[in-house]
Amino acid sequence: MSSASETTTNGLIHPDKPLVVGRHELSSRLIVGTGRYDSMEQMRDSLHHSGSDCVTVAVRREKLYDRSGKNILDFIDLDRFVLLPNTAGCYSAKDAVRAARLGREILRTLGNPGSDWVKLEVLGDSRTLLPDPVETVAACKELVDDGFSVLCYTSDCPVTAQRLKAAGAASVMPAGSPIGSGQGLLNPNNLRIILEYLKEDDPDYPVIIDAGVGTASDVSAAFELGADGVLLNTAIAHARDPIRMSRAMRLAAQAGRDAFLAGRIPKRLYATASSPQEGVISSRPYGSQSNVS
Amino acid sequence: MIEILVNGKTVSIPDAITLEKVLRSVEVPPNYLAVEINGEVVPKEQHASTIVRDGDELEVVTLVGGG
Chain H
1 MSSASETTTN GLIHPDKPLV VGRHELSSRL IVGTGRYDSM EQMRDSLHHS
51 GSDCVTVAVR REKLYDRSGK NILDFIDLDR FVLLPNTAGC YSAKDAVRAA
101 RLGREILRTL GNPGSDWVKL EVLGDSRTLL PDPVETVAAC KELVDDGFSV
151 LCYTSDCPVT AQRLKAAGAA SVMPAGSPIG SGQGLLNPNN LRIILEYLKE
201 DDPDYPVIID AGVGTASDVS AAFELGADGV LLNTAIAHAR DPIRMSRAMR
251 LAAQAGRDAF LAGRIPKRLY ATASSPQEGV ISSRPYGSQS NVS
Chain S
1 MIEILVNGKT VSIPDAITLE KVLRSVEVPP NYLAVEINGE VVPKEQHAST
51 IVRDGDELEV VTLVGGG
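Structure below.
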């Protein structure tokens with residue numbers, strides 16, 4: 001925990017450190033997805049208001065003979081956003097590694113700095129979209145050997161998180177709850193254990209909460225727990241007003257992160273008065289705690 | 001005529017031609033694409049010198065929205 005002298009001086013609040021993952025330094029701690037928007041224009045405006053400087057994208061077969069004419073890259077400001085390609089939809093280490101290499105090739109030819117990293121997602125079950133831990137660890141090792149910085153989507157299992165860090169993951173990204181479910185942080189205790197274990201001898205190791213966010217308070221809660229970043233998509237894209245929600249997420253990230261750095265007070269069972277006890281004009285029976293006793 | 005598989009669909013082409021020529025049928029700018037032949041990425045710099053042969057399996061991918 002930071003001391004007051006580290007975060008403020010003479011009433012001035014020091015700027016936060018950037019989120020560092022692999023060779024990337026992100027000024028915003030929010031990473032936002034680009035899927036599920038009603039239109040490319042709505043996506044573009046939402047990305048803008050999120051304050052993020054990193055967005056995820058997926059690798060998919062080009063519809064060679066059925067073109068809609070619009071490519072998502074025409075709606076993403078590549079001078080502002082570093083792209084983080086994902087391996088979403090892959091159910092084996094082999095396919096995830098292929099998707100990662102294809103994504104790297106596209107970003108390399110674009111000249112985008114995101115060509116050296118990947119969000120690794122290897123699913124094990126199509127209904128829950130829960131990750132397959134065995135395949136995820138295998139793919140992580142192979143991609144690390146191939147020179148990638150690997151950001152691993154995983155469940156909130158602390159043991160799997162440790163396995164992924166040991167496999168060389170640049171960041172472990174536990175889910176708050178199932179992808180797109182909007183259930184928030186279902187098991188904050190597990191997330192706290194993950195944060196504690198992964199940062200024990202390595203306080204700057206980045207842990208990013210990925211998936212499950214439903215609304216702004218979930219983002220704040222993740223940062224208050226000590227997460228270094230939050231990755232979300234559907235909570236913005238499927239909000240009634242995605243553009244306003246993206247601003248809410250930006251503010252929530254800021255609020256939660258500041259609250260974490262500032263250090264919350266401990267929870268107590270009994271009240272402690274905010275106003276002084278001395279000089280109160282009201283009187284109460286001497287020695288009595290309660291009007292009823 | 002030879003037959004190749006492009007994104008899971010069988011496509012007939014007149015003869016063994018370069019990957020660059022095969023990709024000309026795609027309207028997306030070439031730097032929005034990546035191509036695999038038989039599971040191996042072919043870097044863009046090699047598209048002009050890579051010959052697509054009978055029975056080759058091509059995957060042509062681009063980026064789409066995702067989380």
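If you read the protein sequences in the order shown, they are chains H and S. Numbered per our numbering, the first sequence finishes at 293, counting up by one with no gaps. Numbered per our numbering, the second sequence finishes at 67, counting up by one with no gaps. Note that CB positions come from ideal geometry on N, CA and C, so glycine has one too.
Q: Go ahead and label H/Leu-251 buried or exposed: buried means 16 or more other beta carbons lie within 10 angstroms of its beta carbon, across all protein chains shown.
A: Position 251 of the first sequence holds residue 251 of chain H. A residue is called buried once 16 or more other Cβ atoms fall within 10 Å of its Cβ, and H/Leu-251, having fewer, is exposed.
**Q.** Pick from S/Gly-67, S/Gly-65, S/Val-60 that is closest to S/Val-22, judged by C-alpha positions
**A.** Within the second sequence, the letter at position 22 stands for residue 22 of chain S. The shortest C-alpha separation from S/Val-22 is found at S/Val-60.
Q) Name the chain S residues that come within less than 9 Å of H/Gly-35, Cβ to Cβ? A) Translated into the one-based positions of the first sequence, residue 35 of chain H becomes position 35. Ordered by position in chain S, the residues that pass the 9 Å Cβ test against H/Gly-35 are Val-64, Gly-65, Gly-66, Gly-67.
**Q.** Neighbourhood of H/Ser-115 by C-beta distance below 6 Å, restricted to the same chain and skipping five residues each side
**A.** For the purposes of this step, residue 115 of chain H is taken as the residue at position 115 of the first sequence. The residues Arg-104, Leu-107, Arg-108, in chain order, have a CB closer than 6 Å to that of H/Ser-115 in the same chain once the five nearest residues on each side in sequence are set aside.
Q | DSSP bridge partner residues for H/His-24 (one or two, in chain order) | A | Looking up residue 24 of chain H in the first sequence gives position 24. Under the DSSP definition of a beta bridge, H/His-24 partners with H/Val-21.
**Q.** For H/Ile-265 and S/Val-64, the rounded distance between their alpha carbons
**A.** Here residue 64 of chain S refers to the residue found at position 64 of the second sequence. Here residue 265 of chain H refers to the residue found at position 265 of the first sequence. Spanning the two alpha carbons is a distance of roughly 44 Å.
Q) Which residues, in chain order, does the segment 43-72 of chain H contribute to contact with chain S at a C-beta distance below 7 Å? A) Hits within the stretch, in order: Met-43, Thr-56, Val-57, Ala-58, Val-59, Arg-60, Arg-61, Glu-62, Leu-64, Arg-67, Asn-71, Ile-72.
(Q) When you compare the segment 148-160 of chain H with the segment 19-27 of chain H, are there three or more beta-carbon pairs, one atom per stretch, that lie closer than 8 Å? (A) These segments touch.
Q: Identify every run of the beta strand (DSSP E) within the segment 210-270 of chain H, keeping only runs that are complete inside it and at least 3 residues long; order them along the chain.
A: Those beta strand (DSSP E) runs which fall completely within the segment 210-270 of chain H and span 3+ residues are 229-232.
Q: Locate the beta strand (DSSP E) running through H/Asn-86, then write down its first and last residues.
A: Residue numbering aside, residue 86 of chain H sits at position 86 when the first sequence is read from its first letter. Start and end: 82-86.
Q. Is the shortest distance between the beta-carbon of S/Gly-39 and the beta-carbons of chain H less than 8 Å?
A. Sequence index remark: in the second sequence, residue 39 of chain S carries index 39 (1-based). At least one chain H Cβ lies under 8 Å of S/Gly-39.
Q: Check whether the Cβ atoms of H/Val-32 and H/Val-55 lie closer than 8 Å to each other.
A: Here residue 32 of chain H corresponds to residue number 32 of the first sequence, with the count starting at 1. Here residue 55 of chain H corresponds to residue number 55 of the first sequence, with the count starting at 1. Contact flag set, yes.
Q) In the DSSP assignment, what are the bridge partners of H/Cys-140? A) Numbered from 1 along the first sequence, position 140 holds the residue referred to as residue 140 of chain H. Partner(s): none; H/Cys-140 has no beta bridge.
Q.
Let me check understanding here. Comparing Cα to Cα, which of H/Pro-133, H/Lys-63, H/Ser-50 lies closest to H/Cys-90?
A. Along the first sequence, read from residue 1 onward, the residue named residue 90 of chain H stands at position 90. The residue with the shortest Cα to Cα distance from H/Cys-90 is H/Pro-133.
**Q.** One or two residues paired with H/Thr-128 in a DSSP bridge
**A.** Sequence index remark: in the first sequence, residue 128 of chain H carries index 128 (1-based). When beta bridges are read from the DSSP output, H/Thr-128 appears opposite no residue.
Q: Closer than 9 Å by beta-carbon distance: list the chain S residues that pair up with H/Ala-88, in chain order.
A: Along the first sequence, read from residue 1 onward, the residue named residue 88 of chain H stands at position 88. Per Cβ cutoff of 9 Å: Gly-66, Gly-67.
**Q.** Partners in chain H for S/Leu-44, counting only beta-carbon separations shorter than 9 Å
**A.** Sequence index remark: in the second sequence, residue 44 of chain S carries index 44 (1-based). Note on identity: in this sequence residue 44 of chain S is Lys, with Leu being the wrong assignment. By Cβ distance, chain H contributes Glu-105, Arg-108, Thr-109.
Q) Going by alpha carbons, who is nearest to H/Glu-62 out of S/Ala-34, S/Met-1, S/Val-42? A) Along the first sequence, read from residue 1 onward, the residue named residue 62 of chain H stands at position 62. Out of S/Ala-34, S/Met-1, S/Val-42, S/Ala-34 has the C-alpha closest to the C-alpha of H/Glu-62.
Q. Going along chain S, which residues have a C-beta under 8 Å from H/Arg-305?
A. Examination of residue 305 of chain H is not possible in this model, given that chain H is present from 1 through 293 alone.
**Q.** Cut-off 8 Å between Cβ atoms - residues of its own chain near H/Phe-75, not counting five sequence neighbours on either side
**A.** Here residue 75 of chain H is taken as the residue at index 75 of the first sequence, counted from 1. Counting only Cβ-Cβ distances below 8 Å, and skipping sequence neighbours, we find Met-40, Glu-41, Met-43, Arg-44.
Q: Assign H/Asp-66 to buried or exposed, taking buried as 16 or more other Cβ atoms, counted over all protein chains shown, within 10 Å of its Cβ.
A: Residue 66 of chain H sits at position 66 when you count from the first residue of the first sequence. The predicted model places H/Asp-66 with a pLDDT of 49, which falls under 50 and marks its position as unreliable; any figure quoted below should be read in that light. Result: exposed.
Q) With a Cβ-Cβ cutoff of 8 Å, do H/Val-137 and H/Pro-85 count as a contact? A) For this step, residue 137 of chain H is matched to residue 137 along the first sequence. For this step, residue 85 of chain H is matched to residue 85 along the first sequence. No, Cβ-Cβ distance for H/Val-137 and H/Pro-85 is not below 8 Å.
Q) Do you know offhand how far H/Ala-255's Cα is from H/Asp-228's? A) Here residue 255 of chain H is taken as the residue at index 255 of the first sequence, counted from 1. Here residue 228 of chain H is taken as the residue at index 228 of the first sequence, counted from 1. Going by the C-alpha atoms only, they are around 13 Å apart.
(Q) Please tell me whether S/Ile-51 has its Cβ less than 8 Å away from any Cβ of chain H. (A) Stepping through the second sequence from its first residue, residue 51 of chain S is reached at position 51. Output row for S/Ile-51: interface = no.
Q.
Using 8 Å as the threshold, is the C-beta distance between H/Ala-175 and H/Ala-222 below it?
A. As a working note, residue 175 of chain H is residue 175 in the first sequence. As a working note, residue 222 of chain H is residue 222 in the first sequence. Not in contact: H/Ala-175 and H/Ala-222 (Cβ atoms no closer than 8 Å).
(Q) Please list, in chain order, the residues of the segment 212-235 of chain H that have any C-beta partner in chain S closer than 8 Å. (A) Residues Leu-231, Leu-232, Asn-233, Thr-234.
Q.
8 Å is my cut-off, CB to CB: does S/Val-22 come that close to chain H?
A. Within the second sequence, residue 22 of chain S is the residue found at index 22, counting from 1. Interface criterion not met: the Cβ of S/Val-22 is under 8 Å from no Cβ in chain H.
Q) Would you say S/Glu-57 reaches chain H, if we count a Cβ-Cβ gap shorter than 8 Å as a contact? A) For the purposes of this step, residue 57 of chain S is taken as the residue at position 57 of the second sequence. Chain H contact via Cβ: absent.
**Q.** Complete beta strand (DSSP E) runs within the segment 13-63 of chain S (minimum length 3 residues, chain order)
**A.** Runs found: 34-37.
Q: Return yes when the Cβ of H/Ala-139 is within less than 8 Å of the Cβ of S/Gly-66, no when it is not.
A: Position 66 of the second sequence, counted from the first residue, corresponds to residue 66 of chain S. Position 139 of the first sequence, counted from the first residue, corresponds to residue 139 of chain H. It is not a contact, given that the beta carbons lie outside the stated cut-off.
Q) Under 9 Å Cβ-Cβ, which residues of chain S neighbour H/Leu-102? A) Start at 1 with the first residue of the first sequence, and residue 102 of chain H comes out as number 102. Those within 9 Å of H/Leu-102 in chain S are Ala-34, Val-35, Glu-36, Val-41, Glu-59, Val-61.
Q: Name, please, each residue of chain S whose Cβ falls closer than 8 Å to the Cβ of H/Arg-284.
A: By 1-based counting over the first sequence, the position of residue 284 of chain H is 284. By Cβ distance, chain S contributes nothing, its closest Cβ being about 57 Å from H/Arg-284, past 8 Å.
Q: Flag this pair as yes or no: are the beta carbons of H/Ile-72 and H/Thr-128 separated by less than 8 Å?
A: Reading the first sequence from its first residue, position 72 is the one you call residue 72 of chain H. Reading the first sequence from its first residue, position 128 is the one you call residue 128 of chain H. No, the Cβ-Cβ distance between H/Ile-72 and H/Thr-128 is not below 8 Å.
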